[in-house]
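Single-structure report; data block below.
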Amino acid sequence: MKKSKLLVLAVALGAFLGTSLFADAGYWEDREREMRLVLSEAFYRFVAADVEGAQALVDRAYAEHYRGDFERNVRQVISDARAQNIDEWFEYVRASLGEGKSQKDMREDFDQLNRLLSVTARRLDGIEEPVASARNWAKTADEMAAILGKADALYLSGDGPGAKDQVDVVYFQFYEKVGFEKMTMSRISGARAAQVEYQFSAIKKAINNKVPYEEVKASLDMLATWLREDAAQLDGRVESAPLVFIESLLIILREGFEAILIVGAIIAYLVKSGNKKRCRPVYIGAVAALGASVLMAFILNLITSVAGGQNQELIEGFTMLLAVVVLFYVSNWMVGKAESEAWAGYIESKVEASIGRGSMFSLAFAAFLAVFREGAEVILFYQALLAQTESYLNMIWLGLGIGLVLLVVVYIAIRVLSLRLPLKPFFLGTSALLFLMSVTFLGNGIKELQEGNAIGVTPLPFSGSVDLLGIYPTAETLFPQVILLAVTVATFVIQLRKNKARARVARMEKGNRD
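See below:
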């Protein structure tokens, strides 16, 4: 009796595994083909004016072919969000059959459902690569286009919030989550990624403002076209050792350059002002940021997989805005010391004392934020690159290693240059650099909040962006940067006047002593 129970259990377990983890290649595409035949029959029943028969066949495709092991594997291998999206499409198509739609519109609805089922089946047949695999971006673009099609249909039916939700699904669950955005930045350009991101934002704003359907449809179609163009370009890149090396090198240089500039400038300032022994807290802040970056990358991955990418954008955005405040304070504090050479004879003993506990904390915290802001991004970029690269993995590590060496060279150059520059030009140059970084971080931080739906998007007449300076073609990013720049100029002028006044007093007091 016990043996028979074990045999039954083994057969059941074998049946389960045979329809899931160890399914033959093409198994799920065969299952999808069965659903497609039933859905095709449903459409022709609709053409024959048999709405109830068409709805019954849609129910049959769902209950007999999708529910069960197909749906279970979609949830296990891909995501619950994908399974929910398919559920919603079945429900939407069934409801549309009874709404008196034209044959053309109904055909498009069936095509969208079939396309979603097709790309899902192909994904299941490649279980060993659950995320976007190398040279598979066209499939991902098809999936995104299918969901954008549903957003189109929902907006046409008057369901604006539902349409906006579908656009968010495309952005957070696909464009960001599977690495499409990061690969676009690495292999095409940051400007192209920014263009696509702002198209997402523009569509959501148009939906919220209830603009005419034709405008929303045109924007959705343009976005789908751009995604397919980028996918074709990504898939068309022939993998080679030099290409992988350059991509890896550019990631670490692009993301690490700003951080090394800030840390190097702070350390050089301390050395130049006779406070070399106070460099340790800055180094500690930078090293602590590396550990925090690893933890943050893990948290961001967890947030993205569980709750979508919106919270990730908000975290990154608020971190950058905090860095803006700290950098502005530090740069303003530094420019106040620019006239030290003029009154060094009188105040030499007080220069070190002027870097008190609060100022030292600000310098260390600025270094921490500079590294932390870039560190998690670097990890996420390399995750995407590793997932995309089939061969030449050694070129990734070689590019990373050489990039780190080049960043060290930049750091050493800053230190050496600082020793040769006169005190006043160096202090002013360092302050100006940190002011510029604060303006850059402000634009990037607001952009992240826009992507997280926390801030609106108002496009400006000019197009394009300058990623290096955090300049993007929206009023929400550019106007605060202009205001900060104006405040920066005013601060420089006021501080320089104060410095000159202090220098005059110092010279007079020195003359009196002489």
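Just so we're aligned, residue 6 is where the sequence shown starts under the working numbering, counting upward by one. Virtual Cβ for every residue (Gly too), placed ideally from N, Cα, C.
DSSP state of residue i mapped onto helix, strand, coil
{"i": "residue 201", "result": "helix"}
{"i": "residue 536", "result": "Here the chain comprises residues numbered 6 to 519, so residue 536 is not present and cannot be evaluated."}
{"i": "residue 464", "result": "strand"}
{"i": "residue 35", "result": "helix"}
{"i": "residue 214", "result": "coil"}
{"i": "residue 401", "result": "helix"}
{"i": "residue 169", "result": "helix"}
{"i": "residue 457", "result": "coil"}
{"i": "residue 183", "result": "coil"}
{"i": "residue 347", "result": "With a pLDDT of 42 at residue 347, under the threshold of 50, the modelled position of this residue cannot be trusted, and the question is left open."}
{"i": "residue 163", "result": "coil"}
{"i": "residue 436", "result": "helix"}
{"i": "residue 506", "result": "helix"}
{"i": "residue 54", "result": "coil"}
{"i": "residue 352", "result": "Model confidence at residue 352 stands at a pLDDT of 37, short of 50, so the residue's coordinates are unreliable and nothing is read from them."}
{"i": "residue 206", "result": "helix"}
{"i": "residue 193", "result": "coil"}
{"i": "residue 130", "result": "coil"}
{"i": "residue 501", "result": "helix"}
CB of residue i within 9 angstroms of CB of residue j, strictly
{"i": "residue 271", "j": "residue 335", "result": "yes"}
{"i": "residue 441", "j": "residue 474", "result": "yes"}
{"i": "residue 274", "j": "residue 372", "result": "no"}
{"i": "residue 201", "j": "residue 186", "result": "yes"}
{"i": "residue 321", "j": "residue 382", "result": "yes"}
{"i": "residue 378", "j": "residue 325", "result": "yes"}
{"i": "residue 180", "j": "residue 232", "result": "yes"}
{"i": "residue 158", "j": "residue 101", "result": "yes"}
{"i": "residue 83", "j": "residue 125", "result": "yes"}
{"i": "residue 95", "j": "residue 71", "result": "yes"}
{"i": "residue 156", "j": "residue 120", "result": "no"}
{"i": "residue 4", "j": "residue 142", "result": "Beyond the ends of the chain as shown, which are 6 and 519, falls residue 4; an answer cannot be given."}
{"i": "residue 332", "j": "residue 423", "result": "no"}
{"i": "residue 256", "j": "residue 446", "result": "no"}
{"i": "residue 98", "j": "residue 114", "result": "yes"}
{"i": "residue 228", "j": "residue 153", "result": "yes"}
{"i": "residue 401", "j": "residue 299", "result": "no"}
{"i": "residue 337", "j": "residue 238", "result": "no"}
{"i": "residue 375", "j": "residue 263", "result": "yes"}
{"i": "residue 450", "j": "residue 328", "result": "yes"}
{"i": "residue 452", "j": "residue 482", "result": "yes"}
{"i": "residue 390", "j": "residue 252", "result": "yes"}
{"i": "residue 165", "j": "residue 212", "result": "yes"}
{"i": "residue 412", "j": "residue 290", "result": "no"}
{"i": "residue 75", "j": "residue 36", "result": "yes"}
{"i": "residue 459", "j": "residue 319", "result": "yes"}
{"i": "residue 477", "j": "residue 203", "result": "yes"}
{"i": "residue 52", "j": "residue 108", "result": "yes"}
{"i": "residue 269", "j": "residue 77", "result": "no"}
{"i": "residue 323", "j": "residue 439", "result": "no"}
{"i": "residue 292", "j": "residue 284", "result": "no"}
{"i": "residue 249", "j": "residue 397", "result": "yes"}
Cβ distance (whole Å) where residue i is taken to contact residue j below 8 angstroms
{"i": "residue 479", "j": "residue 496", "result": "About 25 angstroms; that fails the 8 angstroms criterion."}
{"i": "residue 68", "j": "residue 80", "result": "Contact doesn't hold; Cβ gap of about 17 angstroms is too wide."}
{"i": "residue 415", "j": "residue 265", "result": "5 angstroms"}
{"i": "residue 404", "j": "residue 295", "result": "Their Cβ separation, rounded to whole angstroms, is 19 angstroms, which puts residue 404 and residue 295 out of contact at 8 angstroms."}
{"i": "residue 215", "j": "residue 169", "result": "With a Cβ gap of about 11 angstroms, residue 215 and residue 169 do not count as contacting."}
{"i": "residue 129", "j": "residue 218", "result": "In fact, because the Cβ distance is near 34 angstroms, the residues do not count as touching under 8 angstroms."}
{"i": "residue 62", "j": "residue 39", "result": "Wrong, their Cβ atoms sit about 12 angstroms apart, outside the cutoff."}
{"i": "residue 448", "j": "residue 486", "result": "5 angstroms"}
{"i": "residue 197", "j": "residue 226", "result": "So it is not a contact: roughly 18 angstroms between Cβ atoms."}
{"i": "residue 103", "j": "residue 60", "result": "7 angstroms"}
{"i": "residue 50", "j": "residue 58", "result": "4 angstroms"}
Strand pairing of residue i, partner residues [DSSP]
{"i": "residue 476", "result": "471"}
{"i": "residue 247", "result": "None, per the DSSP bridge assignment."}
Length-filtered (4 minimum) alpha helix (DSSP H) runs lying within the stretch 73-126: 74-78, 85-102
4-residue-minimum alpha helix (DSSP H) runs that sit fully inside the stretch 246-306, ordered along the chain: 246-277
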